[in-house]
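> Residue numbers (my numbering): 4 to 337. No residue lacks a Cβ here, since even glycine has one placed at the ideal position from N, Cα and C. The model shown is predicted, which means the values in this text are computed figures rather than measured ones.
(1) In or out: residue 41 buried (at least 16 other Cβ within 10 Å) or exposed?
(2) Going by CA-CA distance only, name the one from 123, 150, 19 that's closest to residue 46.
(3) From residue 247 to residue 157, what does the alpha carbon distance come to, in whole angstroms?
(4) Here's the rule I'm using: 16 or more other beta-carbon atoms within 10 Å means buried, otherwise exposed. How should residue 127 be labelled?
(5) From 232, 124, 240, 140, pick the residue whose C-alpha is nearest to that of residue 170; which is it?
(6) Skipping 5 residues on each side, what residues in its chain have a beta carbon closer than 6 Å to that of residue 11?
(7) For residue 171, which of helix, strand or coil comes out of DSSP?
(8) Is residue 153 closer than 7 Å to residue 299 when the C-beta atoms are compared?
(9) Under the DSSP definition of a beta bridge, which residues are partnered with residue 200?
(10) Indicate the three-state DSSP secondary structure (helix, strand or coil) for residue 144 in the structure shown.
(11) Span of the alpha helix (DSSP H) holding residue 230?
(12) What are the boundary residues of the beta strand (DSSP E) that residue 221 is part of?
(13) Cα separation between residue 339 and residue 148?
(14) Which of helix, strand or coil does DSSP assign to residue 53?
(15) Excluding the 5 residues flanking residue 198 on each side, which residues of the same chain have their C-beta closer than 6 Å to its C-beta?
(16) Please state if the CB of residue 253 and the CB of residue 228 are separated by a distance shorter than 7 Å.
(17) What residues match up with residue 226 in a beta bridge as DSSP calls it?
(18) Considering residue 238, what are the terminal residues of the alpha helix (DSSP H) in which it resides?
(19) Could you check if residue 111 belongs to the surroundings of the ligand NAP, using beta carbon to heavy atom distance under 6 Å?
(20) State buried or exposed for residue 260, treating a residue as buried only when at least 16 other CB atoms are found within 10 Å of its CB.
(21) Please state whether DSSP places residue 124 in a helix, a strand or coil.
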């Protein structure tokens with residue numbers, strides 16, 4: 004590599020540029036949009052044109068991408084976002100590594116498109132590790148961080164490896180009291196829209212014929228939270244989704260369903276609580292009541308772990324900024 008003024012030349016010897024820059028060079032184009040630089044590939048060299056500071060930042064990002072590929076990783080839009088976040092130090096937690104960790108590429112399962120489902124950020128990796136080593140895990144973070152999808156992937160893996168005999172996916176049907184009576188249709192028609200995200204994740208992991216068989220024989224159960232009362236779930240992988248909308252009483256009821264040789268994952272976003280103002284969230288309460296109990300781990304995901312469209316990160320940050328400004332106006336310092 005050599006640097007001349009406002010141009011940096013990076014060797015791509017031995018690198019498949021289609022893997023590095025994505026289909027149609029989409030990742031290179033994204034970098035040019037995000038930074039005031041021009042990328043020009045000539046043979047086995049990449050020339051980065053721009054102001055020195057900008058060119059050096061992009062050089063560091065591309066080096067992260069190359070190291071990721073060399074470690075056996077697969078570059079995705081989310082991997083690129085993570086590399087950018089590392090280099091520009093944007094909202095970087097103190098314990099976030101300063102380079103890609105190839106262990107992110109540990110496969111959980113293959114989905115129906117034969118793509119590997121893997122953690123795509125340090126936060127997601129900590130989340131998967133917590134599920135692996137604990138019987139009860141709480142995951143708290145904003146939309147798009149993979150809370151539900153990764154938990155379902157872990158459940159499918161546990162079922163395939165016969166570490167559990169069934170998967171139970173649970174979600175509050177509606178807000179706090181789960182009042183379904185006013186909704187049109189039969190019970191299934193009332194409930195299904197609220198459970199659709201769980202169905203979608205399962206359909207992505209299992210062939211439809213196998214999923215339908217598992218549903219019919221009870222190997223997989225997708226149910227509203229109210230259906231859990233009075234049950235004991237043995238040798239099960241249980242996931243409670245949208246847990247921020249459970250009451251304290253509902254959360255206690257759910258957690259005490261855990262039976263022998265079972266594992267439970269509780270997901271929620273405490274910034275999107277739909278309960279009435281005078282009704283405490285069971286998820287928020289659990290953070291206080293259950294803190295420090297051996298075998299229970301709380302994991303926290305942030306906008307840096309978002310794996311949806313890159314705009315979702317910006318949307319989350321914009322709302323957080325607006326909410327903080329409103330809070331500061333309502334509670335000015337004395």
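Let me lay it out:
(1) exposed
(2) 19
(3) 21 Å
(4) buried
(5) 240
(6) 51, 58, 62
(7) strand
(8) no
(9) Its beta-bridge partners do not exist; DSSP assigns none.
(10) coil
(11) From DSSP, residue 230 is part of no alpha helix (DSSP H); its letter is neither H nor E.
(12) It is not in any beta strand (DSSP E) - residue 221 carries neither H nor E in the DSSP assignment.
(13) Examination of residue 339 is not possible in this model, given that the chain is present from 4 through 337 alone.
(14) strand
(15) 174, 225
(16) yes
(17) 173
(18) Where residue 238 is concerned, there is no enclosing alpha helix (DSSP H), given that its DSSP letter is neither H nor E.
(19) The ligand NAP is absent from the structure shown, which contains no ligand whatsoever.
(20) buried
(21) coil
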